[in-house]
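Novice:
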Amino acid sequence: MRQVAVLGATGSIGRSTLDVIQRHPNRYRATVMAAHRSVDDMEALCRTHRPLHAVMGDPQAASVLAERLADVPSVAVSSGAEILDDLVADAAVDTVVAGIVGFAGLRPTLSAARAGKIILLANKEALVSAGGLFMEAVRTGGATLLPVDSEHNAMQQCLPVDLEGRPNMSDVEKIILTASGGPFRGRSRASLDAVTPEEACAHPNWSMGRKISVDSATLANKGLELAEACWLFDRRPEQIEIVVHPQSIVHSMIRYRDGSTLAQLGQPDMRTPIAYCLAWPERVDAGVAPLDIVAAARLDFEAPDLEAFPCLALAQWAITQPGGMCVFSAANEVAVAAFLAGDIRFTDIDKVIAGTLQGIDLVEPESLDAVQALDQAARDVADKQIAGCFTRPEA
Ligand code: NDP
Ligand code: MG
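As structure tokens, then:
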């Protein structure tokens with residue numbers, strides 16, 4: 079029986095993970111579940127999955143949850159970063175699903191790496207901000223790192239891997255990272271000024287949390303994924319080609335030196351990569367409908383439009399700078415939150431990121447404290463950009 083800690087249990091990745099776990103009650107059990115402050119959702123999930131521990135990032139949310147679950151004494155409710163660090167590192171947990179959104183996911187994921195757990199990595203922001211530290215913690219802690227992000231999961235599936243899940247890159251010529259293009263593919267930059275958060279979150283193929291949905295609409299997500307692929311597969315950015323594939327059926331490809339290109343195809347449903355990582359090196363049913371390739375009929379590929387979506391070009395520059403992606407990711411988080419709150423326009427997101435990258439001294443953060451300091455400094459500069467430069471769009 080695999081004991082799984084589901085971090086971000088109330089989110090899109092967390093729910094997909096719990097759905098797969100529920101299909102295989104003899105193989106997997108969610109023993110730890112963590113979220114931030116969605117008490118109603120967490121209560122319902124705890125009643126269904128009966129974890130041993132439920133951890134809320136917000137202490138008040140934890141007290142409310144504890145009261146609500148008074149009739150289920152087997153679930154211990156707590157709050158606090160240290161508690162979560164200890165729980166994921168505990169011998170009672172062997173697999174950790176990193177499904178917390180944003181920089182907040184870094185700490186528990188690092189703790190899991192240091193403790194040598196099997197890590198199912200969805201939280202790309204942690205890897206992008208602290209890639210060197212995180213990969214070092216995976217190595218020294220003896221952790222197994224399996225990518226959940228659909229593109230990186232596809233790459234992993236198309237590569238020869240050793241018994242620890244480490245890919246062998248020796249004959250790889252190029253990684254081809256696919257992007258859906260998001261809901262605004264084909265539109266001009268000028269036409270994007272007035273788009274709403276609802277329009278930005280209405281992804282044509284994937285159902286995801288609001289932050290990553292906006293990242294997908296701006297193509298910032300592909301910039302984060304470029305950095306993610308560089309860390310996971312030990313590549314330089316120029317060894318990775320980004321291609322827009324609007325159907326989201328080919329989830330990425332690996333081109334080998336002999337001219338072969340291998341691709342992984344599937345429905346756009348995160349339960350497939352999650353099930354792959356949970357069961358690896360075996361396979362289990364994920365509850366996903368089989369891909370009907372005749373119904374899909376066509377697979378299109380095109381170059382990304384960097385003029386309409388400058389976030390990707392900014393990431394391609396930031397990745398070449400020391401600490402650049404830590405700053406990019408922090409500024410993006412702040413800007414996306416402001417856009418979702420109705421404080422800035424969609425087309426202000428890249429301006430906030432560009433202004434933050436310009437307004438900060440870029441240095442390589444060598445420790446966790448340095449990563450946290452650089453992240454905070456970037457957030458402060460991004461906040462100033464938002465406060466000083468932009469007016470709230472018309473309602
Ligand atoms: P959601 O917004 O749907 O869920 C986020 C989860 O994180 C919620 O459970 C939330 O809890 C929790 N959370 C947020 N802040 C904290 C905190 N400080 N402490 C503890 N828990 C916290 O996001 P997604 O599931 O869409 O994405 C999660 C991660 O996976 C992101 O990094 C994303 O980039 C990545 N990813 C997602 C994909 C997808 O298809 N959704 C695909 C590939 C990668 P609460 O509900 O209480 O706020
Ligand atoms: Mg992805």
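The sequence shown maps to residues 79 to 473 in our numbering. Glycine is no exception: its CB is placed at the ideal position from the N, C-alpha and C atoms. Only a predicted model underlies this, so the values are computations on that prediction, with no experimental measurement involved.
#1: If alanine 257 and histidine 323 are in contact, beta carbons under 8 Å, what's the gap, nearest whole angstrom?
#2: Quick check on this structure: which residue in Ala144, Val98 and Ser207 has the alpha carbon closest to the alpha carbon of tryptophan 309?
#3: The ligand NDP and isoleucine 228: does the residue's C-beta get closer than 7 Å to at least one heavy atom of that ligand?
#4: Beta-carbon separation of leucine 297 and phenylalanine 387 under 8 Å?
#5: If glutamate 277 and proline 261 are in contact, beta carbons under 8 Å, what's the gap, nearest whole angstrom?
#6: By the three-class DSSP mapping on this structure, what secondary structure does leucine 199 have?
#7: Could you give the first and the last residue of the continuous beta strand (DSSP E) run that contains arginine 107?
#8: Starting from the C-beta of arginine 115, find all residues in its chain whose C-beta is less than 6 Å away, skip the five residues before and the five after it, and write them out in chain order.
#9: Alanine 305 and methionine 213: beta carbons closer than 8 Å?
#10: Rounded to the nearest angstrom, what separates alanine 341 and alanine 148 at their Cα positions?
#11: With respect to 7 Å, is the separation between the Cβ of glutamate 380 and the closest non-hydrogen atom of the ligand MG below this value?
#12: CB of arginine 288 to nearest heavy atom of the ligand NDP: below 7 Å?
#13: Report the CB separation of valine 155 from alanine 132 in whole angstroms; it is logged as a contact under 8 Å.
#14: Excluding the 5 residues flanking arginine 146 on each side, which residues of the same chain have their C-beta closer than 8 Å to its C-beta?
#15: Here's the rule I'm using: 16 or more other beta-carbon atoms within 10 Å means buried, otherwise exposed. How should aspartate 312 be labelled?
#16: Round the Cβ separation of valine 226 and leucine 198 to the nearest angstrom and send it over; I've been treating them as touching at under 8 Å.
#17: Whole angstroms are fine: how far does the CA of isoleucine 99 sit from the CA of alanine 108?
#18: Return the CA-CA distance between phenylalanine 379 and alanine 364, expressed in angstroms with no decimal places.
#19: Count the other C-beta atoms from every protein chain shown that fall within 10 angstroms of the C-beta of glutamate 385, then say buried if there are 16 or more, exposed otherwise.
#20: Closest by CA to proline 400, which one among Leu85, Glu442, Arg288 and Ile464?
#21: How is glutamate 121 classed by DSSP in three states: helix, strand or coil?
#22: With 16 as the cutoff for other CB atoms within 10 Å, does threonine 222 come out buried or exposed?
#23: I need the DSSP call for methionine 213, collapsed to helix, strand or coil.
#24: Okay, do the region 83-97 and the region 341-361 touch, 3+ Cβ pairs below 8 Å being the bar?
#25: Please name the residue in Val179, Met331, Gly220 and Lys195 whose C-alpha comes closest to that of leucine 205.
#26: From asparagine 493 to glutamine 325, what distance separates their C-alpha atoms?
Specialist: Reading from the atomic positions:
#1: On the sequence shown, position 179 is the one that residue 257 refers to. On the sequence shown, position 245 is the one that residue 323 refers to. With 8 Å as the limit, alanine 257 and histidine 323 qualify as a contact, their Cβ atoms being about 7 Å apart.
#2: If you number the sequence shown from 1, residue 309 lands on position 231. Among Ala144, Val98 and Ser207, the Cα nearest to that of tryptophan 309 is on Ser207.
#3: The residue given as residue 228 occupies position 150 in the sequence shown. Note on identity: in this sequence residue 228 is serine, with isoleucine being the wrong assignment. The answer is yes for serine 228.
#4: Taking the sequence shown and counting its residues from 1, one reaches residue 297 at position 219. Taking the sequence shown and counting its residues from 1, one reaches residue 387 at position 309. For leucine 297 and phenylalanine 387, yes; Cβs fall inside 8 Å.
#5: As a working mapping, residue 277 is identified with position 199 in the sequence shown. As a working mapping, residue 261 is identified with position 183 in the sequence shown. With 8 Å as the limit, glutamate 277 and proline 261 qualify as a contact, their Cβ atoms being about 6 Å apart.
#6: Taking the sequence shown and counting its residues from 1, the one referred to as residue 199 is at position 121. Note: leucine 199 maps to strand in three-state DSSP.
#7: As a working note, residue 107 is residue 29 in the sequence shown. Segment 106-113, the beta strand (DSSP E) holding arginine 107.
#8: Taking the sequence shown and counting its residues from 1, the one referred to as residue 115 is at position 37. Contacts found: Asp136 and Ala139.
#9: Here residue 305 refers to the residue found at position 227 of the sequence shown. Here residue 213 refers to the residue found at position 135 of the sequence shown. Cβ atoms of alanine 305 and methionine 213: not closer than 8 Å.
#10: Mapped onto the sequence shown, residue 341 falls at position 263. Mapped onto the sequence shown, residue 148 falls at position 70. So the two alpha carbons sit approximately 49 Å from each other.
#11: Start at 1 with the first residue of the sequence shown, and residue 380 comes out as number 302. No - the ligand MG has no heavy atom lying nearer than 7 Å to the Cβ of glutamate 380.
#12: Here residue 288 refers to the residue found at position 210 when the sequence shown is read from its first residue. Checking the Cβ of arginine 288 against the ligand NDP gives yes.
#13: Locating residue 155 in the sequence shown gives position 77, counting from the first residue. Locating residue 132 in the sequence shown gives position 54, counting from the first residue. Contact holds; Cβ gap of about 5 Å.
#14: Position 68 of the sequence shown, counted from the first residue, corresponds to residue 146. Result list for arginine 146: Val117 and Glu121, in chain order.
#15: Translated into positions along the sequence shown, residue 312 becomes position 234. Exposed is the call here.
#16: Here residue 226 is taken as the residue at index 148 of the sequence shown, counted from 1. Here residue 198 is taken as the residue at index 120 of the sequence shown, counted from 1. Valine 226 to leucine 198, Cβ: 5 Å. Contact.
#17: The residue you call residue 108 lines up with position 30 of the sequence shown. The residue you call residue 99 lines up with position 21 of the sequence shown. Between alanine 108 and isoleucine 99, the C-alpha separation is close to 7 Å.
#18: For the purposes of this step, residue 379 is identified with residue 301 of the sequence shown, where counting begins at 1. For the purposes of this step, residue 364 is identified with residue 286 of the sequence shown, where counting begins at 1. Each residue's Cα considered, the two are about 27 Å apart.
#19: For this step, residue 385 is matched to residue 307 along the sequence shown. When all chains shown are included, glutamate 385 counts as exposed.
#20: Position 322 of the sequence shown holds residue 400. Comparing Cα positions, the closest option is Glu442.
#21: Here residue 121 is taken as the residue at index 43 of the sequence shown, counted from 1. DSSP places glutamate 121 in helix when its eight states are reduced to three.
#22: By 1-based counting over the sequence shown, the position of residue 222 is 144. With 16 or more other Cβ atoms within 10 Å, it is buried.
#23: On the sequence shown, position 135 is the one that residue 213 refers to. Three-state DSSP puts methionine 213 in a helix.
#24: yes
#25: Within the sequence shown, residue 205 is the residue found at index 127, counting from 1. The shortest C-alpha separation from leucine 205 is found at Val179.
#26: Beyond the ends of the chain as shown, which are 79 and 473, falls residue 493; an answer cannot be given.
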